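*Asks:* Chains A and B supply the protein sequences, listed in that same order. For the first sequence, our numbering begins at 2 and goes up steadily by one. For the second sequence, our numbering begins at 220 and goes up steadily by one. We put the beta carbon where it would ideally sit given N, CA and C, even for glycine. Note that the structure is a prediction, hence the values are computed from the model and not measured. Below are the structure tokens for one structure; questions will follow.
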Amino acid sequence: MVDIGSLALTIAWVLALYAALMSLAGAYWRKRDFIASAEHALLAVWGLVTIAGATLLHALVTHDFNLEYVAHYSSSTLPLPYTIAALWGGQSGSLLFWLMILTSMGAVVLLQNRECNRELMPYVNAVLMLIAFFFLSMLNFVTPPFQRLAFTPAEGQDLNPLLQNYWMTIHPPALYLGYVGCAVPFAFAIGALVTGKLGDAWIRTTRRWTLLAWFFLSMGNLFGAQWAYLVLGWGGYWAWDPVENAAFMPWLTCTAFLHSVMIQEKKNMLKIWNIVLVILTFALTIFGTFLTRSGVISSVHSFTQSGLGPFFMIFLGVTLAVSVALLIWRLPQLKSENELDSVLSRESTFLLNNLVLVGIAFAVFWGTVFPVISEAVRGIKITVGPPFFNKVNAPLGLTLLFLTGVGPVIAWRRASARNLERNFLLPVSLGLLGGIVLFSAGIRHYSAVLSFALCIFVLATIAMEFYRGIRARQAMLGENPATALLRLISKNRRRYGGYIIHIGVVMMFLGITGTSAFKEEKQITLKPGESFTMGGDTLRYDGVTAHETTHIAYLTASIAVFRNGLQIDTLRPEKRFYKKPQQPTTEVAIRSRPSADLYLVLGSYDEASKMATIQAYINPLVSWLWWGGVVLVIGTAVTIVPSRAPARAPAYAPSRGGQTVAAD
Amino acid sequence: MNRKARFAIAAFLLAGAVGYLMYSGIRQAAVYYLTIDEFLAKKESLANEGIRVAGRVELGSVTKRMTPVGEELNFRLGDFRTDGAAGPAVPVHFIGVTPDMFKAAGGSDVIVEGKYRDGTLYAQSLLTSCPSKYEAEAGK
Numbered sequence: 002m003v004d005i006g007s008l009a010l011t012i013a014w015v016l017a018l019y020a021a022l023m024s025l026a027g028a029y030w031r032k033r034d035f036i037a038s039a040e041h042a043l044l045a046v047w048g049l050v051t052i053a054g055a056t057l058l059h060a061l062v063t064h065d066f067n068l069e070y071v072a073h074y075s076s077s078t079l080p081l082p083y084t085i086a087a088l089w090g091g092q093s094g095s096l097l098f099w100l101m102i103l104t105s106m107g108a109v110v111l112l113q114n115r116e117c118n119r120e121l122m123p124y125v126n127a128v129l130m131l132i133a134f135f136f137l138s139m140l141n142f143v144t145p146p147f148q149r150l151a152f153t154p155a156e157g158q159d160l161n162p163l164l165q166n167y168w169m170t171i172h173p174p175a176l177y178l179g180y181v182g183c184a185v186p187f188a189f190a191i192g193a194l195v196t197g198k199l200g201d202a203w204i205r206t207t208r209r210w211t212l213l214a215w216f217f218l219s220m221g222n223l224f225g226a227q228w229a230y231l232v233l234g235w236g237g238y239w240a241w242d243p244v245e246n247a248a249f250m251p252w253l254t255c256t257a258f259l260h261s262v263m264i265q266e267k268k269n270m271l272k273i274w275n276i277v278l279v280i281l282t283f284a285l286t287i288f289g290t291f292l293t294r295s296g297v298i299s300s301v302h303s304f305t306q307s308g309l310g311p312f313f314m315i316f317l318g319v320t321l322a323v324s325v326a327l328l329i330w331r332l333p334q335l336k337s338e339n340e341l342d343s344v345l346s347r348e349s350t351f352l353l354n355n356l357v358l359v360g361i362a363f364a365v366f367w368g369t370v371f372p373v374i375s376e377a378v379r380g381i382k383i384t385v386g387p388p389f390f391n392k393v394n395a396p397l398g399l400t401l402l403f404l405t406g407v408g409p410v411i412a413w414r415r416a417s418a419r420n421l422e423r424n425f426l427l428p429v430s431l432g433l434l435g436g437i438v439l440f441s442a443g444i445r446h447y448s449a450v451l452s453f454a455l456c457i458f459v460l461a462t463i464a465m466e467f468y469r470g471i472r473a474r475q476a477m478l479g480e481n482p483a484t485a486l487l488r489l490i491s492k493n494r495r496r497y498g499g500y501i502i503h504i505g506v507v508m509m510f511l512g513i514t515g516t517s518a519f520k521e522e523k524q525i526t527l528k529p530g531e532s533f534t535m536g537g538d539t540l541r542y543d544g545v546t547a548h549e550t551t552h553i554a555y556l557t558a559s560i561a562v563f564r565n566g567l568q569i570d571t572l573r574p575e576k577r578f579y580k581k582p583q584q585p586t587t588e589v590a591i592r593s594r595p596s597a598d599l600y601l602v603l604g605s606y607d608e609a610s611k612m613a614t615i616q617a618y619i620n621p622l623v624s625w626l627w628w629g630g631v632v633l634v635i636g637t638a639v640t641i642v643p644s645r646a647p648a649r650a651p652a653y654a655p656s657r658g659g660q661t662v663a664a665d
Numbered sequence: 220m221n222r223k224a225r226f227a228i229a230a231f232l233l234a235g236a237v238g239y240l241m242y243s244g245i246r247q248a249a250v251y252y253l254t255i256d257e258f259l260a261k262k263e264s265l266a267n268e269g270i271r272v273a274g275r276v277e278l279g280s281v282t283k284r285m286t287p288v289g290e291e292l293n294f295r296l297g298d299f300r301t302d303g304a305a306g307p308a309v310p311v312h313f314i315g316v317t318p319d320m321f322k323a324a325g326g327s328d329v330i331v332e333g334k335y336r337d338g339t340l341y342a343q344s345l346l347t348s349c350p351s352k353y354e355a356e357a358g359k
């Protein structure tokens, strides 16, 4: 069985190179049959990689401990969902999984586009197959997943207990879908550069792919944050660890790209910038994959040095060099057909939003690689921790939040005083009012007040857009408000889906502001029966009970929560001991409410005295971050589903005082 | 031209702001990252600086005590030797929650973040370098 897997990978390696070369040759010499042969090879690579993946999955599920990978990352008592998740729990498995997604996407892209994008497709196929070839080389020669052991161990070493969590099983697939999804617009951009078809055809073709990639990157980051919050037990969800930054940076540039393509579609501007962004995004996904595997930068998640690093660096270098060379070669054809007219315009706002996003990405990149740079330059490793990232990103993040309110409603070309008044007088007043109310309520955390005021401002601009759209439909078509709202959204999916995504983003800002400005924490050692207070509630420690299963031993503390003398809840933080890898972990207990989470950790426990150290955290508004993610899912779904109405026909476009409302 | 100049100035101001934020951020948040050998060689010059030191807990050097604000740990942080002998080391003091992977007998690889003064490294945080997410420990 297993030999099928490694054989499939070897054949796929040959075929991927064949597909890439035949595609390029076919495009160069205009040989239709070459291209067709390459397309068949691409589909065959997809099939072979899928077979290899299925083989590894089969070995995991049937507990074939003779296979090194299975013995390392699973055990006979590991629950089935985690056994499946072990497919991407280890180094070589995760690369295989990456490749499975890449080839699947390549196949879908091919089937979607081979008739309609004949000129671009050979290059797109070639780029995707070259990426696949790189990963296949790693899987065949550097970290082969189908390595047999000299003997068959009776039991596996189990999956790392920290990974035995629901969020951790879905976090890597989401992130990989995002990472790999970025390869599709990249491949099209390269195709556009090579063929010289530099209009917005490649952007339109890949719009949904980019959105999908962005969506999965967002989810990957959020799932990772959720996992850190639930599993790592330090009371937070984001630590600016290099691994987290690795997933965050491509998200930032991808977000910038999603916004700036609108300017290219509408105004034929920023063509160079868009290609730069898409190259940067893809390079950052490879950099991220590299960072999490090379051990170049020490992370709390400390990774083993695995020999993959140099290959990834070379791949990254070649990718960047070729992309930039193509870009420079095509620079003369990429001149903008329009220029910016005014600083007060939608174009400028979008451009500024782009610069801020890229600025954040740059700061995060710099902070992440700073230890390496400082060691190279000054001979001493200097790390910058969360204070650096928070200090740099807080003002930039607030600027971005402000622009989220301005960008969608400010006029194109040049905003008139009338446009500004009409769109911003009310939201700005509401934002200011909110800020004043919070300030008089005694909140003296100025950046938090500013952040909340900006949240109000942005929500008000969005609410006004919805209100006006609904009113217009009511007036013109006589619909009732609910129908008007639904039709308004379904006829302008891209625009109103975008607004819904912005609402989700505002909710996330609320959560982030709440936790970073008003978090409380306490650490206390108690005897059973003793109490302490936290955020107005009294918490009584009632001792620890022990029980165990074949897989895990549990120590569970019982903590009663009292408010005004009445018991309102019982929380049970745990210490777990996973038997196979002989590793203890911490399981937090959370009482989650919209206003705040009460988050308890059983720190240390002393068997003799029954004393326990409890860490307690109050995380205000943190659940808004997760609910914001849900809203973001809804918004993306609205945006990505094709309109039934012809895509380019505006549902209505009344002229309002010289300002034309964009239909999407 | 005038318009272009204005955009150039705006972009320049933004880049300047980002640059300034990064510069001051690094000045405030910089922490020296050292291995125990590097630390022992120049510990006096690093007194009261923010430092992160990676080393291995000396076998048999750990004492624990419950205090009202958490567990008090005292141990000696030594180099990455495998023979178990006592070599050059620095005493570490820590109050808080002992990480799950910290072995009471010693021998854990840890990263201590804190400040050094009067011959003791006062740890604000204690991290155990956990076995890799992706690969089991070498030699296992």
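#1: With a 10 Å radius around its C-beta and 16 neighbouring C-beta atoms as the bar for buried, classify Lys223 of chain B as buried or exposed.
#2: Closest to Asp298 of chain B by C-alpha separation, out of B:Lys283, B:Gly326, B:Gln343 and B:Gly315, would be which residue?
#3: For the beta strand (DSSP E) that Arg541 of chain A lies in, which residues bound it at each end?
#4: Scan the segment 408-430 of chain A for residues whose Cβ lies nearer than 9 Å to a Cβ of chain B and list them as they occur along the chain.
#5: Mind the definition here: the segment 511-522 of chain A touches the segment 617-634 of chain A only if three or more C-beta pairs lie below 8 Å; say whether that holds.
#6: Against Pro372 of chain A, what residues of chain B qualify as contacts under a CB-to-CB distance less than 9 Å, listed in chain order?
#7: For Pro186 of chain A and Met320 of chain B, what's the separation of their Cα atoms in angstroms?
#8: Residues of chain B with a CB under 8 Å from the CB of Gln524 of chain A: which are they?
#9: Just the Cα atoms here: how many angstroms apart are Asp242 of chain A and Gln227 of chain A?
#10: Can you list, in chain order, the residues of its chain whose CB lies under 8 Å from that of Arg1 of chain A, leaving out five sequence neighbours each side?
#11: If I'm right that Gln616 of chain A touches Gln475 of chain A with Cβ under 8 Å, what's the distance once you round it to whole angstroms?
#12: Give me the Cα-Cα distance between Leu335 of chain A and Lys272 of chain A, rounded to the nearest whole angstrom.
#13: Please list, in chain order, all residues of the same chain as Ala259 of chain B whose beta carbon is under 6 Å from its beta carbon, the five residues on each side excluded.
#14: Quick check on Ala362 of chain A: does DSSP put it in helix, strand or coil?
#15: What is the DSSP secondary structure of Phe321 of chain B, counted as helix, strand or coil?
#16: Give me the residue from A:Arg445, A:Leu433, A:Cys456 and A:Asp543 with the minimum Cα distance to Ile504 of chain A.
#17: Using the Cα positions of Arg300 of chain B and Ala229 of chain B, report the straight-line distance between them to the nearest angstrom.
#18: Please list the partners that Ile381 of chain A has in chain B, where partner means a Cβ-to-Cβ separation under 7 Å.
#19: What residue does the alpha helix (DSSP H) around Ser24 of chain A start on, and which one ends it?
#20: Taking only beta carbons into account, state which residues of the segment 529-542 of chain A come closer than 9 Å to chain B, listed in chain order.
#21: With distance defined between alpha-carbon atoms, name the residue in A:Leu212, A:Val589, A:Leu44 and A:Val438 nearest to Tyr618 of chain A.
#22: Specify the secondary structure class of Gln113 of chain A as computed by DSSP and reduced to three states.
#23: With DSSP run on the structure shown, which of helix, strand or coil describes Arg423 of chain A?
#24: Which of the three DSSP states, helix, strand or coil, is assigned to Thr514 of chain A?
#25: Name the DSSP bridge partner or partners of Pro482 of chain A?
#26: Classify Phe533 of chain A as helix, strand or coil using the three-state DSSP reduction.
#27: Flag this pair as yes or no: are the beta carbons of Phe389 of chain A and Ala248 of chain B separated by less than 8 Å?
#28: Using a Cβ-Cβ distance under 8 Å, would Asp607 of chain A count as near chain B?
#29: Pick from A:Cys255, A:Asp65 and A:Ala87: whose alpha carbon is nearest that of Tyr74 of chain A?
#30: Tell me, please, whether the CB atom of Pro154 of chain A is closer than 8 Å to any CB atom in chain B?
#31: For a contact meaning CB atoms closer than 9 Å, what does Ser610 of chain A contact in chain B?
#32: Do the CB positions of Leu137 of chain A and Trp47 of chain A come within less than 8 Å of each other?
#33: Between Met535 of chain A and Met285 of chain B, how many whole angstroms is the CB-CB distance? I'm expecting something under 8 Å.
#34: For Ala1 of chain A, is the classification buried or exposed, using 16 other Cβ atoms within 10 angstroms of its Cβ as the cut-off for buried?
#35: Taking DSSP as the reference, what is the three-state secondary structure of Gly269 of chain B?
#36: My understanding is that Val331 of chain B touches Leu296 of chain B, with C-beta atoms under 8 Å, so please give their C-beta distance in whole angstroms.
*Replies:* Let me lay it out:
#1: The residue you call residue 223 of chain B lines up with position 4 of the second sequence. Looking at its Cβ environment, which holds fewer than 16 other Cβ atoms inside 10 Å, Lys223 of chain B is exposed.
#2: As a first step, residue 298 of chain B is located in the second sequence; it is residue number 79 there, counting from the start. Ranking B:Lys283, B:Gly326, B:Gln343 and B:Gly315 by Cα distance to Asp298 of chain B puts B:Gly326 first.
#3: Working through the first sequence from its first residue, we reach residue 541 of chain A at position 540. Looking at the DSSP string, the run of the beta strand (DSSP E) that includes Arg541 of chain A is Asp538 to Glu549.
#4: none
#5: yes
#6: Working through the first sequence from its first residue, we reach residue 372 of chain A at position 371. What Pro372 of chain A touches in chain B: Tyr252.
#7: As a first step, residue 186 of chain A must be located in the first sequence, where it is residue number 185. As a first step, residue 320 of chain B must be located in the second sequence, where it is residue number 101. Approximately 43 Å between the Cα atoms of the pair.
#8: Your numbering for residue 524 of chain A matches position 523 in the first sequence. What Gln524 of chain A touches in chain B: Val288, Gly289, Gly315 and Val316.
#9: The residue you call residue 242 of chain A lines up with position 241 of the first sequence. The residue you call residue 227 of chain A lines up with position 226 of the first sequence. Near 15 Å, if we compare the C-alpha coordinates of Gln227 of chain A and Asp242 of chain A.
#10: Lying outside 2 to 665, the shown extent of chain A, residue 1 of chain A is not represented and no answer is given.
#11: For this step, residue 616 of chain A is matched to residue 615 along the first sequence. For this step, residue 475 of chain A is matched to residue 474 along the first sequence. The pair is not a contact, with the Cβ atoms about 54 Å apart (cut-off 8 Å).
#12: Your numbering for residue 335 of chain A matches position 334 in the first sequence. Your numbering for residue 272 of chain A matches position 271 in the first sequence. Near 6 Å, if we compare the C-alpha coordinates of Lys272 of chain A and Leu335 of chain A.
#13: In the second sequence, counting from the first residue as 1, residue 259 of chain B sits at position 40. A small correction: the amino acid at residue 259 of chain B is Leu; Ala does not occupy that position in the sequence shown. Taken in chain order, the residues that qualify are Pro307.
#14: Within the first sequence, the letter at position 361 stands for residue 362 of chain A. Ala362 of chain A: helix per DSSP, three-state reduction.
#15: Along the second sequence, read from residue 1 onward, the residue named residue 321 of chain B stands at position 102. Three-state DSSP puts Phe321 of chain B in coil, outside helix and strand.
#16: What you label residue 504 of chain A is simply residue 503 of the first sequence in a count that begins at 1. Ranking the options by Cα distance to Ile504 of chain A, first place goes to A:Cys456.
#17: The sequence position of residue 300 of chain B within the second sequence is 81, counting from 1. The sequence position of residue 229 of chain B within the second sequence is 10, counting from 1. Those two C-alpha atoms are separated by around 56 Å.
#18: For the purposes of this step, residue 381 of chain A is identified with residue 380 of the first sequence, where counting begins at 1. Within chain B, the residues near Ile381 of chain A are Tyr251.
#19: The sequence position of residue 24 of chain A within the first sequence is 23, counting from 1. Looking at the DSSP string, the run of the alpha helix (DSSP H) that includes Ser24 of chain A is Val3 to Tyr29.
#20: none
#21: Counting from 1 along the first sequence, the entry for residue 618 of chain A is found at position 617. When each option's Cα is compared against that of Tyr618 of chain A, the closest is A:Val589.
#22: Locating residue 113 of chain A in the first sequence gives position 112, where the first residue counts as 1. In the structure shown, Gln113 of chain A sits in a helix (DSSP, three-state: H, G or I).
#23: Mapped onto the first sequence, residue 423 of chain A falls at position 422. If DSSP states are grouped into helix, strand and coil, Arg423 of chain A belongs with the helices.
#24: The count along the first sequence starts at 1 and reaches residue 514 of chain A at position 513. Reduced to three states, the DSSP call for Thr514 of chain A is helix.
#25: In the first sequence, residue 482 of chain A corresponds to position 481, counting from 1. Answer is none; Pro482 of chain A lacks a bridge partner.
#26: Taking the first residue of the first sequence as 1, we reach residue 533 of chain A at position 532. In this structure, Phe533 of chain A counts as strand in the three-state DSSP scheme.
#27: The sequence position of residue 389 of chain A within the first sequence is 388, counting from 1. The sequence position of residue 248 of chain B within the second sequence is 29, counting from 1. Yes. Within cutoff.
#28: As a working note, residue 607 of chain A is residue 606 in the first sequence. Closer than 8 Å to some Cβ of chain B, the Cβ of Asp607 of chain A qualifies, so yes.
#29: Here residue 74 of chain A refers to the residue found at position 73 of the first sequence. Nearest C-alpha to Tyr74 of chain A: A:Ala87.
#30: The residue you call residue 154 of chain A lines up with position 153 of the first sequence. Chain B, which has no Cβ nearer than 8 Å to the Cβ of Pro154 of chain A, makes this no.
#31: As a position in the first sequence, residue 610 of chain A is number 609, starting the count at 1. Per Cβ cutoff of 9 Å: Met285.
#32: Taking the first residue of the first sequence as position 1, residue 137 of chain A is located at position 136. Taking the first residue of the first sequence as position 1, residue 47 of chain A is located at position 46. No, they are not a contact pair.
#33: On the first sequence, residue 535 of chain A is found 534 positions in, with the first residue counted as 1. On the second sequence, residue 285 of chain B is found 66 positions in, with the first residue counted as 1. Going by Cβ atoms, the distance from Met535 of chain A to Met285 of chain B rounds to 20 Å, so no, they are not a contact pair.
#34: For residue 1 of chain A there is no data in the structure shown, the boundaries of chain A being 2 and 665.
#35: Numbered from 1 along the second sequence, position 50 holds the residue referred to as residue 269 of chain B. Looking at Gly269 of chain B - three-state DSSP - the assignment turns out to be coil, as it is neither helix nor strand.
#36: Position 112 of the second sequence, counted from the first residue, corresponds to residue 331 of chain B. Position 77 of the second sequence, counted from the first residue, corresponds to residue 296 of chain B. Between Leu296 of chain B and Val331 of chain B the Cβ distance is about 6 Å, and since that is below 8 Å, they are a contact.
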